[in-house]
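J.: So that we are looking at the same thing, I have put the structure below in structure tokens.
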Amino acid sequence: MPPPLLHQLLLLQPMRRELGIKRLYPAVKKGNDSYDYEQKYPEDAPYEEAAPAARVWRTYEDESRVHDANMVEKSRDNVDVLLVFAGLFSAVVTTLVAQTSQSLQPNYSAMSVSLLYESVLVQRAIANGSSVNTVAPSPFNPTIAFVPATTDVWVNGLWFTSLFLSLTTALVAVLVKQWLHHYIALPSGTPRDRSLTRQFRYAGFQKWYVQVIIGLLPALMHLALAIFLVGLVIFLHPLRAAPSWIICAGTGLVYTAYGVATILPTLFPQWTLGDLVYVFLRRAIPRGVTWSRYRRREFLSSLRDRDLSAMFRYLPRVQARPQALMKIESKFVRQMSTKLAAEALHWLLKVSSNPTVQSIVIQSIGGLPMASEARFLELRGDSAGTMRFLWQSLLERCLLEMKHSGRSYIEPVPGMELKIGRLLRFDPNRRWTRYDAFLDTTPSLYSTELAAAILSNGYTLHDRETLNQSVSLGVFLMDSTRSSKLSPRSWYHLLMVRSQDVFSPLNPDNDHYANMFPLLLCFAISKSFTSPPESRVEGFNSPLVLVFEDALPYCIDKIYDDVLSMFSKFIEDPPSANQSAELPKSLRTLAVAIKFLLHRLSLPNYNMSHTTILDSLTDLAQWIQEHILRSQEAAALILIIDS
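Per full-length UniProt numbering, residue 1 is the first one in the sequence shown, and the count goes up by one each step.
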């Protein structure tokens, strides 16, 4: 057991009591080690592990800055070298092509000299009295179409192709430098905004294979040089065979070495002179044109009717004044924030071998929206076992083992309460199987958030003196649903850790008004239907902590089956299987909630004001009135309520 003095120091820290559970706010520590991020940045408050200024985003910024600096610096160096080489090479090829391209058109100067020489010979023959037929005719005939020599065609074709490839490389290199500049120029904002924007751009680099494009640029220049050398061999062969064969042998030797250098890295990993390209470019689809579903449908309808004017009216729209790139990017980042957050943390966990980085990432998952957590768990893939081992080792270092009466118990290492809460909120319902009980005091020393994390993982809380269970899940849930504020994911995991007990079927004959949890559950169901649709999707703009009634709409679709099982006995004449199939689970849940609320109104000695129940029933009735239901759905819904 910890020494009494340590317990007294803990009890002297700032606390406030809520539902018999004290909130403990330990002091945070800061360090000077730039690589120990747990010391460099202070701990996050409960449920703020993914807040705009959370330390995981600051860590992400530091690590991504190092990663991007290496990546961008390497790419920039390669592109700068290519630009210089492409410029010099293009200048050399242009000079040669300017001379050889003249062989592709008639040489009127040579033609004039040849015809003039023939005329002199004819005059000399006439003066000598010789026959004019003895004079050799000129090979040039202006009336015959000019056909360049095959050698000239090949030389110019190869050199023009080489020049085209080198200029294309220079153009793409300039574009790449612009892409790299945009990539590292992050907008101002919170660490989370900058981190998600950087992840958005990094994902774009991966999606459009920017690194592959950069890797293809040297290959284009190598190809341009090879084509130029082949043309040079053909150009020299008619002039001098010896230099031609020397250049041909040199070209073959150089490119044989190039091919070997490209293949060697697959056999010898330490060989660093090769740069293999395994992935090919995909055609980019322009995104500047908008064409809504309605406009597409009307366009196709006009096409069938051969109405040209209507077809032009419903063509895709192109914005005359496009928005600034930063605004468009910011809009996409906000829309994809839950997905980007999961991908950002997965990337950080994958690329960094720093133990403190891995620890911070694991601790921050519990602060993500539920959609982000689900996406992160999908991205784990084959590394799920490794991540599980990492989580378990981090948790083990925060706990002390105690033995009482032959049974093992665990309790937090003093000062590690917040870290334990963060770890337990990550991937709950998979508790550490070596232990199943936490030691506690009466009243509880644990904060509401930590107690919720412990109970939602299937652990139990036991009194240190009596070893009896101090706080059960049912009692904690009953007390918390009235006034406590937790994150939506914490509420959901508290409901589902022992769903068979929380949602145990109720019997109308034994239902008692003192059991408030079913009533609060129905109030929350009512609010989930009557609240705006946008308030049912959890995102980074959603409140971090909510009361039970406000938090349930975020996860109501995950508990439909449990709610239907809980209130199934309140439907006296349940509809047939075919009739139930006509009604979605959401409407069936709505119907059983209405039945239970009506049942509670009829209970004798009911001491709770009817106003809240009547307000909920009124809101639900108004919701049904404002929504259009199919005839089969309406019939099944009426059948359940009228039963």
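For glycine and all other residues, C-beta sits at the position ideal for the given N, C-alpha and C.
The structure presented is a predicted model; accordingly, all values stated were derived computationally and were not measured.
Exposed or buried, residue 245, counting other C-beta atoms within 10 Å across all chains shown (16 or more means buried)?
T.: Residue 245 comes out exposed.
J.: Which residues does DSSP list as the beta-bridge partners of residue 460?
T.: Beta-bridge pairing links residue 460 to 437.
J.: On the CB-based measure, 16 or more other CB atoms within 10 Å of its CB, does residue 497 come out buried or exposed?
T.: It is buried - the Cβ of residue 497 has at least 16 other Cβ atoms within 10 Å.
J.: Since residue 567 and residue 506 should fall inside the 8 Å C-beta cutoff, what is the C-beta to C-beta distance between them, to a whole number of angstroms?
T.: Right, the Cβ-Cβ distance comes to about 6 Å (below 8 Å), so this counts as a contact.
J.: Would you check if the distance between the CB atom of residue 50 and the CB atom of residue 384 is smaller than 9 Å?
T.: Not in contact: residue 50 and residue 384 (Cβ atoms no closer than 9 Å).
J.: Using beta-carbon positions only, say whether residue 528 and residue 493 come within less than 9 Å of one another.
T.: No, the Cβ-Cβ distance between residue 528 and residue 493 is not below 9 Å.
J.: Taking 8 Å as the limit between beta carbons, can you name the residues of its chain near residue 395, skipping five residues before and five after?
T.: 420, 423, 424 and 432.
J.: Among residues of its own chain, excluding the 5 on either side of residue 180, which ones have a beta-carbon nearer than 7 Å to its beta-carbon?
T.: Here the set comprises 72, 75 and 76.
J.: Can you tell which of 36, 158, 253 and 312 has the C-alpha that lies nearest to the C-alpha of residue 232?
T.: Selected option, being the one with the closest Cα: 158.
J.: Taking the alpha carbon of residue 407 as the point to measure from, which residue in 84, 464, 417 and 413 has its own alpha carbon closest?
T.: Residue 407 has its Cα closest to that of 464, out of 84, 464, 417 and 413.
J.: For residue 410, name the three-state secondary structure that DSSP assigns.
T.: Of the three classes helix, strand and coil, the one that applies to residue 410 here is strand, per DSSP.
J.: My output table needs one value for residue 558: the three-state DSSP class, helix, strand or coil.
T.: Three-state result, residue 558: helix.
J.: How far does the beta strand (DSSP E) with residue 470 in it reach, from first residue to last?
T.: Per DSSP, residue 470 belongs to the beta strand (DSSP E) from 469–471.
J.: With H, G and I counted as helix, E and B as strand and the rest as coil, what does DSSP make of residue 32?
T.: The predicted model places residue 32 with a pLDDT of 48, which falls under 50 and marks its position as unreliable; any figure quoted below should be read in that light. Looking at residue 32 - three-state DSSP - the assignment turns out to be coil, as it is neither helix nor strand.
J.: Give the secondary structure of residue 402 by DSSP, where H, G and I count as helix, E and B as strand, and everything else as coil.
T.: Here residue 402 sits in strand by DSSP.
J.: Tell me whether residue 439 counts as near the ligand NAD, meaning its Cβ is closer than 8 Å to at least one heavy atom of that ligand.
T.: Absent from the structure shown: the ligand NAD. Ligands present: none.
J.: Kindly provide the ranges of any beta strand (DSSP E) runs that are 3 or more residues long and lie completely inside the stretch 185–248, ordered along the chain.
T.: You should have found no qualifying run.
J.: Beta-carbon of residue 199 versus every beta-carbon of chain C: anything under 9 Å?
T.: No chain C is present in this structure, which holds just one protein chain.
J.: For residue 182, count neighbouring C-beta atoms within 10 Å of its own C-beta (all shown protein chains included) and say buried if the count is 16 or more, exposed if not.
T.: So residue 182 counts as exposed.
J.: Ignoring anything shorter than 4 residues, give me the alpha helix (DSSP H) runs that lie fully in the stretch 39–66, in order along the chain.
T.: Runs found: none.
J.: Determine the extent of the alpha helix (DSSP H) in which residue 346 is found, giving its start and end residues.
T.: Where residue 346 is concerned, the enclosing alpha helix (DSSP H) stretches over 337–351.
J.: Apart from the five residues on each side of it in sequence, which residues of its chain come closer than 7 Å, Cβ to Cβ, to residue 412?
T.: Result list for residue 412: 398, 399 and 420, in chain order.
J.: Count the CB pairs spanning the stretch 353–361 and the stretch 208–220 that are closer than 8 Å, and state whether there are at least three.
T.: Verdict: no, contact absent.
J.: Inspect the beta-carbon positions of residue 476 and residue 437 and report whether they are closer than 9 Å.
T.: Against a cut-off of 9 Å, the Cβ pair of residue 437 and residue 476 comes out as no contact.
J.: On the CB-based measure, 16 or more other CB atoms within 10 Å of its CB, does residue 403 come out buried or exposed?
T.: It is exposed - the Cβ of residue 403 has fewer than 16 other Cβ atoms within 10 Å.
J.: In three-state DSSP terms, what is residue 546?
T.: Looking at residue 546 - three-state DSSP - the assignment turns out to be strand.
J.: Classify residue 137: buried if its beta carbon has 16 or more other beta carbons within 10 angstroms, exposed otherwise.
T.: Residue 137 comes out exposed.
J.: Looking only at C-alpha atoms, which of 207, 124 and 57 sits nearest to residue 346?
T.: Checking every option, the nearest Cα to that of residue 346 belongs to 57.
J.: Which of helix, strand or coil does DSSP assign to residue 506?
T.: If DSSP states are grouped into helix, strand and coil, residue 506 belongs with coil.
J.: Do you know offhand how far residue 284's Cα is from residue 330's?
T.: Here residue 284 scores only 38 on pLDDT, less than 50, and its place in the model should not be relied on; the value that follows carries that caveat. So the two alpha carbons sit approximately 21 Å from each other.
J.: Should the stretch 553–563 be called in touch with the stretch 473–492, which here means at least 3 C-beta pairs below 8 Å?
T.: With the cut-off at 8 Å, the stretch 553–563 and the stretch 473–492 touch.
J.: Going straight from the alpha carbon of residue 22 to that of residue 448, what length do you get?
T.: Low confidence applies here, because residue 22 scores a pLDDT of 39, under 50, leaving its location unreliable; read the following figure in that light. If you take the alpha carbons of residue 22 and residue 448, they lie about 7 Å apart.
J.: Taking just the CA atoms, how far does residue 84 sit from residue 202?
T.: Taking the straight line from one Cα to the other gives about 28 Å.
J.: Would you call the stretch 156–172 and the stretch 87–96 touching, i.e. three or more CB-CB distances under 8 Å?
T.: Touching, per the Cβ criterion.
J.: Would you report the Cα separation of residue 486 and residue 541, rounded to the nearest angstrom?
T.: The alpha-carbon atoms of residue 486 and residue 541 are separated by roughly 16 Å.
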